[in-house]
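Colleague: Please see the structure below; I have some questions.
Number of protein chains: 2
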Amino acid sequence: MASERRSSEESAKTRTAILDATEKIMREKGYAAVSSRRVAAVAGLKSQLVHYHFGTMDDLFLALFRRTEEAFFTSHMRASASSNPLQMLWDRSIDARGNRLVAEFMALAHHREAIRTELARAAKRIRNVETAVWARMLEEHGISPETCPPVVASVLMAGISRALATEAALGVSVGHAETLAFVERYLQQMGLQRRPTETPARKKRP
Amino acid sequence: MASERRSSEESAKTRTAILDATEKIMREKGYAAVSSRRVAAVAGLKSQLVHYHFGTMDDLFLALFRRTEEAFFTSHMRASASSNPLQMLWDRSIDARGNRLVAEFMALAHHREAIRTELARAAKRIRNVETAVWARMLEEHGISPETCPPVVASVLMAGISRALATEAALGVSVGHAETLAFVERYLQQMGLQRRPTETPARKKRP
DNA sequence: GTCTATAGGCCGATAGAC
DNA sequence: GTCTATCGGCCTATAGAC
């Protein structure tokens, strides 16, 4: 029993190391650079262990996606339930680090059925959460669903933020400052509580 | 001379065939599936010809990007100069087929310096054109640049349309119909001349 | 669960004949 | 400009010993 526990603890540690290595490679070199040999090299393991623990490379991508999405959704729920949900959701959605991995999975999803399915499911789940937040905020401000349906607000917020993040990652920033100012001015009317003096959208990384 | 001409005609034909094949593979299988052997197979040629005519694979991607962007920019200018520029720009920007290739180049740009540079340059050029269109439209409708700077309008339009196109390609459509209706209602106030009975955003493919 | 060994395959790119 | 031939490398995945 003791050895069984130790064994499964070791196994969990190895699995985590493999997933961490995969994530690192995806962030830095893109999904196309992920190979069992490279993953193993980064994790300090033999490449055969990748297949032993995860099967095919597709299975590995899927496992990493699930781990990532689960953590993301949990913290997204927390942000939604905070006292300042719109600000927190907006800040999260323009965060460069988070978007990097998402961008890779989106690119991967175009050509891998399994990833596409999981990504679509995850996106719908997030959208529903954000739509509920918007429904509450719009109602509080007396804006009728006919004027702006909550789901439209959440599609717009998600779309604008993702576009800004994507462009910024590619070195395009024409009009970004003006757009950020425009959007945040609007969000403030809707309940954003950030004071004007604070720098927006620059979450510090530890 | 005659043989020289014929020779360079043949060369141009081969180059076009290689670029066509590359484009087809990128659309259908993604940039990661592009290899000199596969390109040659699709084009009905030997793989060495790919290197002979284009050098490295990076050079090939770059050549295809330039061809694509040149054609895109030309037709974009035509759309901007039409009598109904906002509608035409919007329709173009949510076109699924056009966005498929752009998405691949964006994914590629994250990891290839040369592509990233070219993409950034192209994006700025397009943005400036669209911003000029918006400046004209907003002025015609008496909306001051303080209320909504033209560059903000063009960032928003580009961002929203790209987000919708990306999500649709991945099988996510929650809130899309409502958002399309919302945006197009707004665009109509700004000079879109489509009649309400026409189906929006469904450009027929031959 | 991790090791060695290996099958079987696709890749980019170049050399040299024609 | 296109051909044949080929080098050297990285890839996924599995088999079988320990």
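Just so you know, the sequences run in chain order G and W.
According to the working numbering, the stretch in the first sequence is residues 1 to 206, in order.
According to the working numbering, the stretch in the second sequence is residues 1 to 206, in order.
Positions of the beta carbon are idealized from the N, C-alpha and C atoms, including for glycine.
Quantities reported herein were computed from a predicted structural model and do not represent experimental measurements.
Give the single residue among G/LEU64, G/ALA71, G/ALA40, G/LEU187 whose Cα lies nearest to the Cα of G/ALA114.
Modeller: Your numbering for residue 114 of chain G matches position 114 in the first sequence. It is G/LEU64 whose Cα lies nearest to the Cα of G/ALA114.
Colleague: Output yes or no for whether 9 Å exceeds the beta carbon distance between G/THR179 and W/MET106.
Modeller: By one-based count along the first sequence, residue 179 of chain G stands at place 179. By one-based count along the second sequence, residue 106 of chain W stands at place 106. Taking 9 Å as the Cβ cut-off, G/THR179 and W/MET106 do not qualify as a contacting pair.
Colleague: The alpha helix (DSSP H) spanning W/ALA63 covers which residue range?
Modeller: As a first step, residue 63 of chain W is located in the second sequence; it is residue number 63 there, counting from the start. Taken as a continuous stretch (DSSP letters only), the alpha helix (DSSP H) holding W/ALA63 covers 57–80.
Colleague: At the 9 Å Cβ level, is W/PRO149 part of the contact set with chain G, yes or no?
Modeller: Taking the second sequence and counting its residues from 1, one reaches residue 149 of chain W at position 149. Answer yes: the Cβ-Cβ gap between W/PRO149 and chain G drops below 9 Å somewhere.
Colleague: Just the chain G side, please: which residues come within less than 7 Å of W/ALA120 by C-beta, in chain order?
Modeller: Taking the first residue of the second sequence as position 1, residue 120 of chain W is located at position 120. For W/ALA120, the C-beta contacts it makes with chain G under 7 Å involve LEU170, GLY171, VAL172, in order along the chain.
Colleague: Roughly how many angstroms lie between the CA atoms of W/ALA32 and W/SER144, to the nearest whole one?
Modeller: For the purposes of this step, residue 32 of chain W is taken as the residue at position 32 of the second sequence. For the purposes of this step, residue 144 of chain W is taken as the residue at position 144 of the second sequence. Taking the straight line joining both Cα atoms gives about 46 Å.
Colleague: If we count the other Cβ atoms within 10 Å of its Cβ and call it buried at 16 or more, is W/GLU69 buried or exposed?
Modeller: Looking up residue 69 of chain W in the second sequence gives position 69. W/GLU69 comes out buried.
Colleague: Could you tell me whether the Cβ atoms of W/GLY44 and W/ALA17 are closer together than 9 Å?
Modeller: Against the second sequence, residue 44 of chain W aligns to sequence position 44. Against the second sequence, residue 17 of chain W aligns to sequence position 17. Yes, the pair counts as a contact, with Cβ atoms nearer than the cut-off.
Colleague: Hey, is W/HIS176's beta-carbon within less than 9 Å of any beta-carbon in chain G?
Modeller: Reading the second sequence from its first residue, position 176 is the one you call residue 176 of chain W. Output row for W/HIS176: interface = yes.
Colleague: Which residues in chain G have a C-beta closer than 8 Å to the C-beta of W/LYS24? List them in chain order.
Modeller: As a position in the second sequence, residue 24 of chain W is number 24, starting the count at 1. Ordered by position in chain G, no residue passes the 8 Å Cβ test against W/LYS24, which lies about 14 Å from the chain.
Colleague: Pull up the distance between the alpha-carbon of G/PHE72 and that of W/SER161, whole angstroms please.
Modeller: In the first sequence, counting from the first residue as 1, residue 72 of chain G sits at position 72. In the second sequence, counting from the first residue as 1, residue 161 of chain W sits at position 161. Cα to Cα, G/PHE72 sits roughly 25 Å from W/SER161.
Colleague: Looking only at its chain, what residues have a beta carbon closer than 7 Å to the beta carbon of G/PRO196, apart from the 5 residues adjacent to it on each side?
Modeller: Here residue 196 of chain G corresponds to residue number 196 of the first sequence, with the count starting at 1. With a pLDDT of 48 at G/PRO196, under the threshold of 50, the predicted position of this residue should be treated as unreliable, though the coordinate-derived value follows. Cβ contact annotation for G/PRO196 (same chain, cutoff 7 Å, sequence separation greater than five): none.
Colleague: Using C-beta distances below 7 Å, list every residue in its chain close to W/VAL129, excluding the 5 sequence neighbours before and after it, in chain order.
Modeller: In the second sequence, residue 129 of chain W corresponds to position 129, counting from 1. So the list reads HIS76, MET77, SER80, once near-sequence residues are dropped.
Colleague: Quick one: Cα of G/SER83 to Cα of W/VAL152, how far?
Modeller: Here residue 83 of chain G refers to the residue found at position 83 when the first sequence is read from its first residue. Here residue 152 of chain W refers to the residue found at position 152 when the second sequence is read from its first residue. Their backbone Cα atoms lie some 29 Å apart in a straight line.
Colleague: Quick one: which chain G residues come within Cβ less than 9 Å of W/HIS110?
Modeller: Position 110 of the second sequence holds residue 110 of chain W. Within chain G, the residues near W/HIS110 are GLY30, ARG100, ALA103, GLU104, ALA107, ALA169, LEU170.
Colleague: Look up G/THR131 in the DSSP assignment and say whether it is helix, strand or coil.
Modeller: Taking the first residue of the first sequence as position 1, residue 131 of chain G is located at position 131. Three-state result, G/THR131: helix.
Colleague: Excluding the 5 residues flanking G/LEU164 on each side, which residues of the same chain have their C-beta closer than 8 Å to its C-beta?
Modeller: Translated into the one-based positions of the first sequence, residue 164 of chain G becomes position 164. So the qualifying residues of the chain are ILE94, HIS176, THR179, LEU180.
Colleague: Evaluate W/ALA96 with the Cβ neighbour count: other Cβ atoms within 10 Å of its Cβ, from every protein chain shown; 16 or more gives buried, anything less gives exposed.
Modeller: The sequence position of residue 96 of chain W within the second sequence is 96, counting from 1. With a threshold of 16 other beta carbon atoms within 10 Å, W/ALA96 falls short and is exposed.
Colleague: Could you name each continuous beta strand (DSSP E) segment of 3 residues or more that falls completely within the segment 131–183 of chain G, going from the start of the chain to the end?
Modeller: none
Colleague: Drop a sphere of 10 angstroms on the beta-carbon of G/PRO150, count the other beta-carbons inside from all chains shown, and report buried for 16 or more, exposed for fewer.
Modeller: Stepping through the first sequence from its first residue, residue 150 of chain G is reached at position 150. It counts as buried.
Colleague: Near W/MET88, what residues of its chain come up, given a Cβ to Cβ distance below 6 Å and the 5 sequence neighbours on each side ignored?
Modeller: Working through the second sequence from its first residue, we reach residue 88 of chain W at position 88. Closer than 6 Å at the Cβ level, and outside the excluded window around W/MET88, lie ALA79, SER82.
Colleague: Out of W/GLU28, W/ALA169, W/ARG112, which one is the CA nearest neighbour of W/LEU62?
Modeller: As a working mapping, residue 62 of chain W is identified with position 62 in the second sequence. The shortest Cα separation from W/LEU62 among W/GLU28, W/ALA169, W/ARG112 belongs to W/ARG112.
Colleague: When you compare the CB positions of W/ALA169 and G/HIS141, do they come within less than 9 Å of one another, or not?
Modeller: By one-based count along the second sequence, residue 169 of chain W stands at place 169. By one-based count along the first sequence, residue 141 of chain G stands at place 141. It is not a contact, given that the beta carbons lie outside the stated cut-off.
Colleague: So with CB distances below 7 Å, who are the chain W contacts of G/VAL214?
Modeller: Nothing can be reported for residue 214 of chain G, as the shown portion of chain G is limited to 1 through 206.
Colleague: Cβ closer than 7 Å: which chain W residues qualify as neighbours of G/PHE73?
Modeller: Taking the first sequence and counting its residues from 1, one reaches residue 73 of chain G at position 73. Here the premise fails: no neighbours, minimum Cβ distance about 15 Å.
Colleague: Within 9 Å of any Cβ in chain G, is that where the Cβ of W/LEU164 sits?
Modeller: Within the second sequence, the letter at position 164 stands for residue 164 of chain W. Among the residues facing chain G, W/LEU164 is included, as its CB has a counterpart in that chain under 9 Å away.
Colleague: Kindly say whether G/ILE160, judged by its beta-carbon, lies nearer than 9 Å to any beta-carbon of chain W.
Modeller: Here residue 160 of chain G corresponds to residue number 160 of the first sequence, with the count starting at 1. Yes, contact with chain W.
Colleague: Using beta carbons (cut-off 9 Å, strictly below), is W/ALA79 in contact with chain G?
Modeller: For the purposes of this step, residue 79 of chain W is taken as residue 79 along the second sequence, with counting starting at 1. With 9 Å as the cut-off, W/ALA79 does not count as an interface residue toward chain G.
Colleague: Within 9 Å of any Cβ in chain W, is that where the Cβ of G/ALA123 sits?
Modeller: Taking the first sequence and counting its residues from 1, one reaches residue 123 of chain G at position 123. So yes, G/ALA123 belongs to the interface.
Colleague: Does any CB atom of chain W fall closer than 9 Å to the CB of G/LEU138?
Modeller: Residue numbering aside, residue 138 of chain G sits at position 138 when the first sequence is read from its first letter. So, not an interface residue.
Colleague: Taking DSSP as the reference, what is the three-state secondary structure of W/MET26?
Modeller: Position 26 of the second sequence, counted from the first residue, corresponds to residue 26 of chain W. For W/MET26, the three-state secondary structure derived from DSSP is helix.
Colleague: Short check: CB of W/GLU118 to CB of W/ARG67, under 9 Å?
Modeller: Sequence index remark: in the second sequence, residue 118 of chain W carries index 118 (1-based). Sequence index remark: in the second sequence, residue 67 of chain W carries index 67 (1-based). Taking 9 Å as the Cβ cut-off, W/GLU118 and W/ARG67 do not qualify as a contacting pair.
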